[in-house]
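A quick write-up on the structure given underneath.
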């Protein structure tokens with residue numbers, strides 16, 4: 429089945445530094461990639477939608493200059509958390525679709541802790 | 004934009020049935036259902052594309068009422084492995100291709 433590889437799975441960084449999270453679709457072309465964040469015991473909140481070759485569409489309240497999304501190819505999308513702060517600590521997860529009618533394939537998630 | 008699920012949480016004994024509902028304030032193009040275990044990524048269960056469509060596999064099925072902008076997930080003869088948090092995911096009509104998750108339903112199956 430379709431697989432999205434996401435890494436790192438866990439990262440701890442200092443306040444003020446930037447962290448890049450990568451998602452690669454291994455056996456399908458992800459024309460669209462979604463990025464979510466999830467707080468403990470909460471739902472996944474859509475941060476942005478990116479289509480290959482286009483600028484990402486950010487949800488209301490999500491700072492585009494803070495959460496930089498790049499989807500330069502059909503198999504790779506990246507989320508960079510810039511100038512991270514402790515309140516950015518969360519579980520970040522990507523999901524890709526190639527419109528196969530088999531739902532959206534999720535990465536395994538990245539647990540970000542900012543200290 | 005976020006669909007609302009009910010109930011928020013449910014506890015079942017093995018073998019009992021459960022229904023989880025998902026309601027949207029906007030017209031839906033499709034509804035997906037996912038199950039998430041603690042600390043893991045959501046796992047796709049099924050997708051419903053047409054109004055009135057009902058799909059399922061094993062003892063888990065779902066319906067999609069396009070007019071009411073609702074979907075329901077049915078779990079019959081629940082097993083311990085069904086425990087987790089269930090999310091509906093929705094593609095809405097005329098909102099681009101954003102995909103929103105519902106508020107979630109925590110399901111616990113006990114022996």
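Residue numbers (this note's numbering), protein chains in the order written: chain A, 429 to 543; chain B, 4 to 114.
Cβ coordinates follow ideal geometry from the N, Cα and C atoms, glycine included.
Exposure label - residue 17 of chain B; buried when at least 16 CB within 10 Å: exposed
Beta carbon proximity, residue 495 of chain A to chain B, threshold 8 Å: no
Within chain A, partners of residue 44 of chain B - CB distance below 7 Å: 521, 534, 535, 536, 537
Closer than 8 Å to chain B by CB, residue 541 of chain A: no
Collapsed DSSP secondary structure at residue 85 of chain B in the structure displayed: helix
For residue 471 of chain A and residue 67 of chain B, believed in contact at Cβ under 8 Å, the rounded distance: At roughly 20 Å, the Cβ-Cβ gap does not stay under 8 Å, so residue 67 of chain B and residue 471 of chain A are not in contact.
Close Cβ partners of residue 13 of chain B (< 6 Å) along its chain, the five nearest in sequence each way excluded: 21, 110
Own chain, CB closer than 6 Å to residue 466 of chain A, minus 5 neighbours either side, in chain order: 472, 519
The segment 497–506 of chain A contacting the segment 19–34 of chain B, beta-carbon criterion three pairs below 8 Å: no
CB contact below 8 Å: residue 106 of chain B versus chain A: yes
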